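Take any residue in the sequence shown, note its place counting from 1, add 753, and you have its number in this note's numbering. Ideal Cβ positions, reconstructed from N, Cα and C, are used throughout, including at glycine. Computed from a prediction, not measured in an experiment: that's the story for all the values here.
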Amino acid sequence: MSIRLVVADDQDKLGPLAAAAVLAGLPPARPVLGVATGDSPLPLYAALARATADGDVDLSDSTLIALDEYLGLGGADPRSYTAFVRSRIAGPLAVPAAGVVVPDGLATDPDAEAAALEARIADSGGVDVQIAGIGRNGHLGFNEPGTAFDSVSRVVTLSAPTREDNARFFGDDPEAVPRQAITQGLGTIFRAGSIVVIVRGAGKAAALSAALRGPVSTAVPASILQRHRAVTVVADRAAAAML
Ligand code: F6R
């Protein structure tokens with residue numbers, strides 16, 4: 754196991770520490786960056802945006818490949834992950850639309866769309882650095898507990914805890930959260946050259962502890978990280994409290 758744990762003393766440092774971990778894993782030209790959505794990586798994206806604005810970093814020739822997307826939401830919907838990737842990552846990092854890969858949540862054939870995501874990752878030459886968060890139930894991407902470690906990109910049904918957690922983006926109504934999504938598989942994520950996981954807040958402490966210190970088990974999808982050769986976990990003090 755080769756997990757590097759970085760605990761940020763204060764929230765201001767977390768983003769820059771995560772950005773340094775990401776940049777360290779990227780090749781100098783045409784990097785392929787796997788991107789997570791959600792709250793956890795926001796300080797990282799803000800730090801990368803600042804470095805870009807300051808002229809210290811140029812990721813404009815990157816390919817950004819999303820971890821997942823809700824089924825039923827199109828890119829014009831601000832709650833879609835397509836919208837998140839465009840506004841929070843691609844825009845600030847000056848990555849053109851041609852370099853942004855997010856499955857289409859309105860695809861008429863979602864299974865084919867998931868297969869196309871898997872193929873697109875392979876065609877890109879593979880993800881250099883995958884950015885990820887962890888769900889309170891230990892999910893990675895939208896790979897819920899019980900997912901096989903060798904799973905590939907596919908259509909999944911979201912668990913009740915995940916829909917409850919994400920209700921905050923849907924008017925606090927879990928019923929309004931889409932029931933299905935396209936996600937990269939655990940096997941897909943595992944093929945990334947390195948993985949940078951951002952974990953923030955006391956609500957994630959138990960999940961992080963289970964993922965890093967518990968048995969490697971499909972009951973905790975993020976425990977697959979223990980088997981990867983190059984994982985950096987960047988956590989705040991509250992999330993790291995049970996390690
Ligand atoms: C997001 C994703 C999810 C989130 C996880 C944590 O693309 O795949 O696994 O990383 O649900 O979400 P936040 O960061 O909002 O707590």
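Inter-residue Cα distance where the pair is residue i and residue j
{"i": "I887", "j": "A972", "result": "14 Å"}
{"i": "L996", "j": "A929", "result": "34 Å"}
{"i": "I756", "j": "H981", "result": "8 Å"}
{"i": "P931", "j": "S840", "result": "21 Å"}
{"i": "A829", "j": "L846", "result": "20 Å"}
{"i": "R1018", "j": "D926", "result": "The displayed coordinates of the chain run from 754 to 996. Any statement about residue 1018 would go beyond what the structure contains."}
{"i": "T805", "j": "A799", "result": "10 Å"}
{"i": "P831", "j": "E866", "result": "21 Å"}
{"i": "A802", "j": "H892", "result": "27 Å"}
{"i": "D792", "j": "A958", "result": "15 Å"}
{"i": "L965", "j": "G858", "result": "32 Å"}
{"i": "Y834", "j": "V855", "result": "8 Å"}
{"i": "V950", "j": "G825", "result": "27 Å"}
{"i": "A960", "j": "L939", "result": "17 Å"}
{"i": "P781", "j": "S813", "result": "12 Å"}
{"i": "V952", "j": "V986", "result": "7 Å"}
{"i": "F837", "j": "Q979", "result": "29 Å"}
{"i": "Q883", "j": "R873", "result": "15 Å"}
{"i": "A789", "j": "A885", "result": "5 Å"}
{"i": "A913", "j": "F923", "result": "14 Å"}
Supposed close pair residue i, residue j - CB separation, criterion 8 Å
{"i": "I948", "j": "A983", "result": "7 Å"}
{"i": "A771", "j": "L797", "result": "4 Å"}
{"i": "L795", "j": "S815", "result": "About 18 Å; that fails the 8 Å criterion."}
{"i": "G946", "j": "G778", "result": "6 Å"}
{"i": "D989", "j": "G954", "result": "7 Å"}
Counted within 10 angstroms of its Cβ, other Cβ atoms place residue i as buried (16 or more) or exposed
{"i": "S904", "result": "buried"}
{"i": "R783", "result": "exposed"}
{"i": "D821", "result": "buried"}
{"i": "T910", "result": "exposed"}
{"i": "R907", "result": "buried"}
{"i": "D862", "result": "exposed"}
{"i": "D811", "result": "exposed"}
{"i": "D765", "result": "exposed"}
{"i": "R921", "result": "exposed"}
{"i": "A761", "result": "buried"}
{"i": "G878", "result": "exposed"}
{"i": "P974", "result": "buried"}
{"i": "D809", "result": "exposed"}
{"i": "A774", "result": "buried"}
{"i": "D876", "result": "exposed"}
Any chain C beta carbon closer than 7 Å to residue i
{"i": "V848", "result": "Absent here is chain C; the protein component of the structure consists of one chain."}
Residues with C-beta closer than 5 Å to any heavy atom of the ligand F6R, in chain order: A789, T790, G791, D792, S793, L820, D821, G886, G888, G894
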